[in-house]
Each structure stands twice: as structure tokens, then as C-alpha cells.
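Asker:
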Amino acid sequence: MNMPNPFAPLQPALRILATEGRVLPATGQAIVDMVSPDLEEAYDRATGGPGEKVTKVWETRQELYHQVKPIHRSQEHCLRYFLDGSAKIYFIGTLLEHERSSPVQLGQIGAAAVYREDDGRVRRAAFEHKILLLMDKQALSETLWSEVEKAIAEQAIAGHSHLLLRSTNDSQDRFSEALGVVEPRSRGAHRANWAMREMEIDLARNGLQRRADTWLVLDGTLGTEYMNWNGPPVIGVAKSFRRDTQFHISGPRAEQMNLYSLLAGLELNHRTAVFSRWPGQDREGAILFWYVRIRPQRGLDYPLMGVVKVEWPNPSRNPSREPIDSDLADQISGWLIAERCVTPHGRDNRWHAHLYAISLAERVIKDRFYSEEVLKAAIRWPQAGAQI
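The sequence shown lines up with residues 501 to 888 when you count with the numbering used here.
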């Protein structure tokens, strides 16, 4: 039994490109395009601004380190939803239109949330999957772009709403803007990843029917997108994060240290004090963060391994944002430490800071992505027109 071609709905758009312009196919039909290394860390740094220097503790107790007891779900089961996103981008050719040119890229993006039952079973709670056609709108004629846009819109009316056309030169792409990405193919990869992040945000805001006592764990930093969060409780848990933060804490036990020094002194089952993003700015206190060691330093390569950064949108609003209750920070940290018990060791080089339920959400997405072999077999650029 022949399986239908999943990329067939792209045929009209690709045929327009091949007939209205000249296409130089990618070697081997498709080449994977990557985003900047440690994109999450770079975005954390870009949204926080240069030279982040923390001077204040944002919790009710003032100690630099706090011992935390793991809180397993048999004792208290509040972390119920776990959300992650993933993106894979392929360069499939270069479009030449008179003196203009643009890379042509395909992106598969997805976001998934899983829900954990009382007995520990995990089920899919929400899933979104899109296929992106990416080109540089500013490098092409308005006529050609409009024809492709119309072809994609007609496919959406026919029931293929998962197909999207996106420009790689788009001010809405906050990854490229924040990181200063200029090279066209790299912008395409970052644009697709930003579309994936937008999908994650939409799922978090609108895609889950949550009670006020069910917490959502997001994979990664919160950036600026969750500053005024007014839904049920959410935290971001980042495996990669900016490393240039300086800590100049005043008070009777004044401390000055960099992040490496801070985390070198962070023992297993401990958390740091709680700090604020954007110190000294009007939005100081909008998102609070701290670090939790979920694995011992013994056997790991350097202090940042085995540590996650926790970010929490502060529900109190200006002009009088309140610090977090230290007991709540302990409680959240205790839940997270208990999540270390199962980890995808060997499946991900970030295993030392991975949470198992997050890895399950990621697996839901990647299991729905079409393989590179399927894509290469499906996409063709014959001179007479694109046939897939």
C-alpha cells in the first residue's frame, strides 16, 4: 500500500517558483540548516541586555544558598503539564528571479504538551505541527510572492491549514533580531525556530484547560513573552542559560561573584537565592529566577552541568512588585529535584539537566516529523516545474 506524499499540498507553490523563476536545487535535494549554537543561551542574554549585574535578592529569606528536600509526586503532585517545542529546517534550493535571489527552505515545527496522571502515566495533552515554506520576501518581486501566498492560502481552504508561508526577513522574528543574524539561510532557520516559539506560547496561553492548582513546566527561558502572565501557574526550566551574569549582593554578608563561582558553591539538593531579571529597570521583579542543582558535581565536567535555571513570572504587578515567598521557591525546587529520577541518558547530550517529562513532550513532536529520507524523496525541482 502506497503512502500518500505528505508534501503534495506544497506542489502548487513549488511549481510557481520553478516556472516563474529559475531554481538551483540543493545538493541531494535537501540540506539541514542549523540555528546558532546554544540559541536558548543567546536569547536569554539578548533579552536580558548586556552586562547583567544582580544586586538584590528577591525572596523573603536572604541566604545565598538554600537546602531543598525532593518532593515526589506521591507526596505532592502539582507539576502536571510539560511543554516543549522543536524545529527542523531544510535548504532545498536557491530561487533566481531576474537579478533577485532567495534561498528556499522548508521547516517542520511542532509544539507538544503532555499531562501526567496521578499514577505517573503520561499522555499527550496538546500537539501542533506546521510545515513552513521560507523565502526572503524583500529579495523577490511582489508579484511572485503574492502568487505563492495565494497558492498556500488555497491549500489552507482545501484543508491543509498546517502549511504556512513565512519571510526570512521579518521583523517579527525576534531570534534573528536579538542575535543580529544577517546571513539569509541562517535567518530562515531562526525564523522557523521563532515560529515554533510562538506556537509554544499559544499552547501555553490557549491550548490547555488547566485548573489553578496545576502547574505547567516550559522547556527553556521565558524571555519577555511571559512578563505579564495572568493564567494558571507556570515556570520555565532552562538547561542552557546566559553565563555572564554578575552577582554583587549587598548586605551584612556582601558577595561579589560570577555565575561559575555561584554554581561551584551550589551543592546537590540546594538552590540559590532568588534574583530578578532586568535589575535596575522598571520591569525589575517581573520575572524572577534562581538555580537548582539536580545532579551532583562529581563526575560532571564543570559547575554548570547538573544545574537548571528556574524562571517564574511574578504575579504581583507594578508599582509594588513583591518578592517570592522563600517557602514557595523551596517547594518548586523540591518538585524539580524529584523529576531527576528518570533521564534520557545517552539520547541527549544535555541529559544531566533534563527532566524526563519534558523529554517525552519532545519525543511526541519528533515522532511526528517526517524523516529526511521522506523529504528528499518527495521534493523535486525539474525544469518543467516542481513536482512532488
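A virtual CB, placed ideally from N, CA and C, is assigned to each residue, including glycine.
Just to confirm before moving on: does the CB-CB distance between Trp715 and Arg580 stay below 8 Å?
Answerer: Their beta carbons are under 8 Å apart, which means Trp715 touches Arg580 by this criterion.
Asker: Apart from the five residues just before and just after Gln756, which ones in its own chain have a Cβ nearer than 6 Å to its Cβ?
Answerer: His748, listed in sequence order.
Asker: Taking three-plus beta-carbon pairs below 8 Å as touching, is the segment 524-536 in contact with the segment 650-660?
Answerer: Touching, no.
Asker: Can you check whether the CB of Glu700 is closer than 8 Å to the CB of Ala611?
Answerer: Yes, the pair counts as a contact, with Cβ atoms nearer than the cut-off.
Asker: Going by DSSP, name the residue or residues bridged to Trp645.
Answerer: DSSP lists no partner for Trp645.
Asker: Take Lys739 as the anchor and find which of Ala518, Asp584 and Ser676 has the nearest alpha-carbon.
Answerer: The shortest Cα separation from Lys739 among Ala518, Asp584 and Ser676 belongs to Asp584.
Asker: Starting from the N-terminal side, write out each stretch of the beta strand (DSSP E) that is 3 residues or longer and does not extend beyond the segment 697-721.
Answerer: The segment 697-721 contains these whole beta strand (DSSP E) runs: 715-719.
Asker: Leaving aside the five residues before and after Asp670 along the sequence, list all residues of the same chain whose C-beta is less than 7 Å from its C-beta, in chain order.
Answerer: Correct list, in chain order: Arg691.
Asker: Quick check: the segment 694-708 against the segment 562-575, are at least 3 beta-carbon pairs closer than 8 Å?
Answerer: The answer is no - the segment 694-708 does not touch the segment 562-575, with fewer than three Cβ pairs under 8 Å.
Asker: Considering only C-alpha positions, which residue in the set Thr721, Lys588, Ala838 and Glu520 is nearest to Leu640?
Answerer: Looking at the Cα atoms, Glu520 is the closest of the given residues.
Asker: Can you check whether the CB of Ser586 is closer than 8 Å to the CB of Glu862?
Answerer: The answer is yes: Cβ separation under 8 Å.
Asker: Lys866: which of Arg545, Gln511, Glu576 and Gly607 sits nearest, CA to CA?
Answerer: Ranking Arg545, Gln511, Glu576 and Gly607 by Cα distance to Lys866 puts Gly607 first.
Asker: Check whether the Cβ atoms of Leu762 and Thr772 lie closer than 8 Å to each other.
Answerer: Yes. Within cutoff.
Asker: Counting along the chain, where does the alpha helix (DSSP H) carrying Pro512 start and finish?
Answerer: Note, Pro512: alpha helix (DSSP H), Gln511 to Glu520.
Asker: When the distance is taken between beta carbons, is Val810 closer than 8 Å to Ile735?
Answerer: Cβ distance < 8 Å, so Ile735 and Val810 count as in contact.
Asker: Kindly indicate which residue of Val874, Ala526 and Gln605 has the alpha-carbon position closest to the one of Leu633.
Answerer: Checking every option, the nearest Cα to that of Leu633 belongs to Gln605.
Asker: Does the beta-carbon distance from Ala689 to Val535 come in below 8 Å?
Answerer: Their beta carbons are under 8 Å apart, which means Ala689 touches Val535 by this criterion.
Asker: Which ranges would you report for the beta strand (DSSP E) in the segment 749-796 if only whole runs of at least 3 residues count?
Answerer: List check, beta strand (DSSP E) in window: 755-758, 770-772 and 787-793.
Asker: Would you kindly work out how many angstroms separate the C-alpha atoms of Pro504 and Ala678, rounded to a whole number?
Answerer: So the alpha carbons of these two residues sit roughly 40 Å apart.
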